[in-house]
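Trainee:
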């Protein structure tokens with residue numbers, strides 16, 4: 001189109017509705033240009049380039065058309081720039097200077113459009129809307145959900161949601177950036193500051209494995225807004241709502257800002273020297289009395305590469321290999337044999353994939369921006385299939401969407417491996433064939449196998465973070481690897497946050513293929529004499545739930561290094577050391593393609609909080625450990641070797657079967673409860689993507705159990721039980737229950753894989 005050619009040549013043409021990531025709408029008419037032999041000005045965004053075409057972008061006819069369009073757009077615009085959050089970065093404001101008039105020729109009353117309630121993230125002033133439809137096209141083409149649309153005609157046209165509902169897409173905040181005027185603005189940022197007052201700081205998002213590039217905007221030492229920073233190889237110019245709005249947790253009432261000691265059961269504020277001296281002396285004493293194997297460290301997957309590295313070095317310096325970040329994993333049989341949790345290719349390469357298989361993954365909620373890549377791949381002709389324990393709405397067309405009980409998940413994937421081997425005339429191990437026997441072949445699996453074989457090296461198999469919570473995770477990874485080898489596809493694992501960084505820093509209970517320490521599950525189910533918790537809340541961040549709390553309560557000493565305090569932490573810990581938030585510290589994130597991305601602190605830490613790498617460095621000094629003389633985070637980063645990608649083992653273990661005649665539990669993690677930061681972001685907590693705790697079951701399961709939709713039931717596993725409301729969903733397999741994790745309402749069940757309904761109310 002002409003507008004692209006002009007941009008490539010460095011010739012500016014004004015525009016409102018045009019955006020290079022969206023389809024052509026040509027409804028604002030601001031880009032009208034004069035084309036030789038054309039009877040009237042033509043929209044540059046919708047006019048194809050032709051050999052020999054002569055175009056005038058600054059001729060009298062073109063300028064007159066552009067000025068007329070601007071005058072038309074300003075007829076009903078409120079011109080309330082002094083109170084508009086878009087002031088200073090408004091496209092209409094900028095173009096009005098060049099193409100508008102200083103006096104309006106219209107004296108009639110302006111129309112008024114009622115504002116819409118789009119939810120807790122997006123604020124509306126719809127009278128300012130110029131009907132460019134960028135927000136509408138973004139929902140249809142990028143987010144995959146048509147939540148906004150235009151109704152009525154002419155002067156009465158307006159943008160609204162269907163049936164007055166809120167906008168609930170996991171990437172909805174991008175319409176704020178796309179809006180060329182002040183019709184859609186950030187609700188948490190509303191009336192906080194002007195764009196020219198704030199300072200920009202490059203940052204990296206840590207809540208998923210994409211590592212989206214961000215722009216952190218600050219004023220007077222406070223983070224006021226987070227915007228996407230363009231990086232076509234990683235996040236393009238988009239940002240998930242989780243990464244955009246989680247900064248609001250920085251000002252949580254639960255921020256821990258002072259070192260604290262528990263003295264005679266009461267918390268007392270203290271200074272860093274006293275707190276670190278107390279922590280180090282007690283750690284030394286425990287190691288001397290009980291040995292290094294009696295202490296352990298558990299860290300959040302969102303920790304930085306530097307924090308993982310120093311915590312691992314500190315623990316090994318004390319002689320302990322008990323360290324882990326995999327708090328929601330329960331199958332560790334392949335420890336030492338798995339490769340790092342990486343995609344297996346670049347993020348951008350997903351757009352060129354011809355066939356993609358998702359195993360144990362709700363990729364739309366787990367990795368929102370990878371889902372946008374898959375949506376583009378489908379537009380390019382790719383087929384996407386999924387094998388899960390729930391039929392998810394991916395917001396893009398899926399060729400095969402298989403939902404089976406957790407007891408059948410491994411068997412279904414094994415059956416796919418057998419089918420692929422048969423079609424490729426390759427041998428398959430007896431172990432895989434034995435597992436596959438409990439799952440019958442189907443046309444869906446046959447078609448799935450054909451698509452992967454046909455795609456060859458352009459195929460991609462992804463084992464998602466939901467699979468990490470499965471009791472047969474090791475088998476799912478091994479089977480995915482077998483299928484990938486048979487079809488010559490790429491295979492990858494996607495976990496939480498900076499999981500790849502934890503592997504690169506060797507923050508694991510094994511090294512060189514040998515397990516020498518306790519994994520997270522063992523540490524949370526076997527009492528240690530001392531445990532160091534790095535920015536985690538055990539009942540919410542681990543699959544063990546309340547059982548983890550009970551185990552840690554038996555520890556002689558618990559040191560909490562974290563950004564927040566809570567009743568649970570105050571009950572468990574003996575020492576609390578305040579940790580700087582992501583925007584308050586330097587750090588490095590390793591994303592799912594293995595790229596290391598570093599950032600600098602945007603603001604100073606609150607109160608006495610300190611960056612994690614500094615806390616660990618000084619603690620190591622108090623412990624008299626050698627090699628902790630770092631003065632900058634870059635020094636730590638630079639001494640860490642590049643990540644070893646490796647290859648996952650194809651060794652097949654005996655599957656752990658879910659008990660029969662029980663309800664198979666399907667754990668489901670809300671995208672806004674993945675870590676202590678997102679759980680304290682009030683705008684995110686108020687979204688529809690963070691519903692109250694409830695158990696989902698198939699309507700036929702409810703009927704068989706005599707349970708009414710919306711009633712409250714008691715779910716039990718042994719002596720553990722919870723009361724919870726239920727809802728019906730046909731996307732859940734029979735005799736299964738979909739339960740949210742990282743919620744206090746379900747933490748009592750721990751990692752139970754099977755449940756009973758003992759009573760109904």
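In our numbering, the protein residues as written are 1 to 761.
Backbone N, C-alpha and C fix where the C-beta goes; we use that ideal spot for every residue, glycine too.
Would you kindly work out how many angstroms separate the C-alpha atoms of residue 78 and residue 86, rounded to a whole number?
Mentor: When rounded, the distance between both Cα atoms is 13 Å.
Trainee: Given a threshold of 16 other Cβ atoms within 10 Å of its Cβ, counted over all protein chains shown, does residue 146 qualify as buried or as exposed?
Mentor: That one is exposed.
Trainee: In the structure shown, what three-state DSSP assignment does residue 469 receive?
Mentor: Residue 469: helix per DSSP, three-state reduction.
Trainee: Starting from the Cα of residue 12, find the closest Cα among 89, 51, 53, 98 and give me that residue.
Mentor: It is 98.
Trainee: Run the CB neighbour count on residue 456, radius 10 Å, all protein chains shown included, and call it buried at 16 or more, exposed below.
Mentor: Under this definition residue 456 is an exposed residue.
Trainee: With a threshold of 16 other CB atoms inside 10 Å of the CB of residue 435, please say whether the residue is buried or exposed.
Mentor: Buried, because 16 or more other Cβ atoms sit within 10 Å of the Cβ of residue 435.
Trainee: Can you look up residue 290 in the DSSP assignment and give me helix, strand or coil?
Mentor: Residue 290: helix per DSSP, three-state reduction.
Trainee: Among 539, 718, 15, which one has its Cα closest to the Cα of residue 29?
Mentor: Here the closest residue by C-alpha is 15.
Trainee: Helix, strand or coil: how does DSSP classify residue 36 here?
Mentor: Residue 36 falls in the coil class under three-state DSSP.
Trainee: Please state the DSSP three-state secondary structure of residue 231.
Mentor: Three-state result, residue 231: strand.
Trainee: Should residue 235 be flagged as near chain C, meaning a C-beta pair shorter than 8 Å?
Mentor: The chain inventory of the structure shown lacks chain C, comprising one protein chain alone.
Trainee: If contacts are defined as beta-carbon pairs under 8 Å, then residue 607 and residue 302 qualify, I think. What distance do you get, rounded to the angstrom?
Mentor: That pair is no contact at about 21 Å.
Trainee: Counting only runs of 4+ residues fully inside the stretch 435-459, write out the alpha helix (DSSP H) ranges in chain order.
Mentor: Segments of the alpha helix (DSSP H) lying fully in the stretch 435-459: 443-455.
Trainee: Our contact map puts residue 298 next to residue 536 with C-beta atoms below 8 Å; I'd like the distance itself, whole angstroms only.
Mentor: Confirmed, Cβ separation roughly 6 Å.
Trainee: Once you ignore the five residues that flank residue 682 on each side, which residues in its own chain have a CB closer than 7 Å to its CB?
Mentor: Cβ within range, chain order: 248.
Trainee: Tell whether a beta-carbon distance below 8 Å holds between residue 472 and residue 383.
Mentor: No, they are not a contact pair.
Trainee: Return the first residue and the last residue of the beta strand (DSSP E) that residue 176 is part of.
Mentor: No beta strand (DSSP E) holds residue 176; the alpha helix (DSSP H) holding it covers 174-178.
Trainee: Classify residue 378 as helix, strand or coil using the three-state DSSP reduction.
Mentor: Three-state DSSP puts residue 378 in a helix.
Trainee: Going along the chain, which residues of its own chain have a beta-carbon closer than 7 Å to the beta-carbon of residue 653, five neighbours each way excluded?
Mentor: Excluding sequence neighbours, residue 653 sits near 333, 474, 475.
Trainee: How many Å lie between residue 687 and residue 24 at the Cα?
Mentor: Their Cα atoms are separated by approximately 31 Å.
Trainee: Inspect the CB distances between the stretch 717-734 and the stretch 669-677 and report whether three or more fall short of 8 Å.
Mentor: Contact between the stretch 717-734 and the stretch 669-677 is absent, because fewer than three Cβ pairs lie under 8 Å.
Trainee: Given a threshold of 16 other Cβ atoms within 10 Å of its Cβ, counted over all protein chains shown, does residue 574 qualify as buried or as exposed?
Mentor: It is buried - the Cβ of residue 574 has at least 16 other Cβ atoms within 10 Å.
Trainee: Look at the alpha carbon of residue 289 and the alpha carbon of residue 612, and state the distance between them as a whole number of angstroms.
Mentor: Their backbone Cα atoms lie some 28 Å apart in a straight line.
Trainee: Can we say the stretch 358-372 touches the stretch 549-557, given the rule of at least three CB pairs closer than 8 Å?
Mentor: Taking 8 Å as the limit for Cβ pairs, the verdict is that the stretch 549-557 does not touch the stretch 358-372.
Trainee: Are there 16 or more other CB atoms within 10 angstroms of the CB of residue 114, so buried, or fewer, so exposed?
Mentor: Exposed is the call here.
Trainee: Assign residue 357 to one of three DSSP states: helix, strand, or coil.
Mentor: Residue state, collapsed to three classes: strand.
Trainee: Taking C-alpha atoms, which residue in 235, 750, 704, 211 lies nearest to residue 719?
Mentor: Answer by Cα proximity: 750.
Trainee: Going by beta carbon distance, what residues of the same chain come within less than 8 Å of residue 32, once the five residues before and after it are set aside?
Mentor: Result list for residue 32: 41, 42, 43, 44, 62, 65, 66, 69, in chain order.
Trainee: For residue 47, which residues of its own chain have a beta-carbon under 6 Å away from its beta-carbon, when the five flanking residues on both sides are left out?
Mentor: Counting only Cβ-Cβ distances below 6 Å, and skipping sequence neighbours, we find 2.
Trainee: Who pairs with residue 362 in a beta bridge, going by DSSP?
Mentor: Paired residue(s): none; residue 362 is not in a bridge.
Trainee: Check whether the stretch 528-544 touches the stretch 154-168, taking contact to mean three or more Cβ pairs, one atom from each stretch, closer than 8 Å.
Mentor: In short, these stretches do not touch, since the Cβ pair count stays below three.
Trainee: Quick one: complete alpha helix (DSSP H) runs, 4+ long, within the stretch 601-679?
Mentor: Complete alpha helix (DSSP H) runs here, min 4: 612-622, 633-638.
Trainee: Residue 405 and residue 736: beta carbons closer than 8 Å?
Mentor: Yes.
Trainee: Give me the Cα-Cα distance between residue 528 and residue 286, rounded to the nearest whole angstrom.
Mentor: Residue 528 and residue 286: Cα-Cα distance of roughly 10 Å.
Trainee: Between which two residues does the beta strand (DSSP E) holding residue 99 run?
Mentor: Run containing residue 99: none in the beta strand (DSSP E); it sits in the alpha helix (DSSP H), 91-99.
Trainee: So, helix, strand or coil for residue 728, using DSSP?
Mentor: If DSSP states are grouped into helix, strand and coil, residue 728 belongs with the strands.
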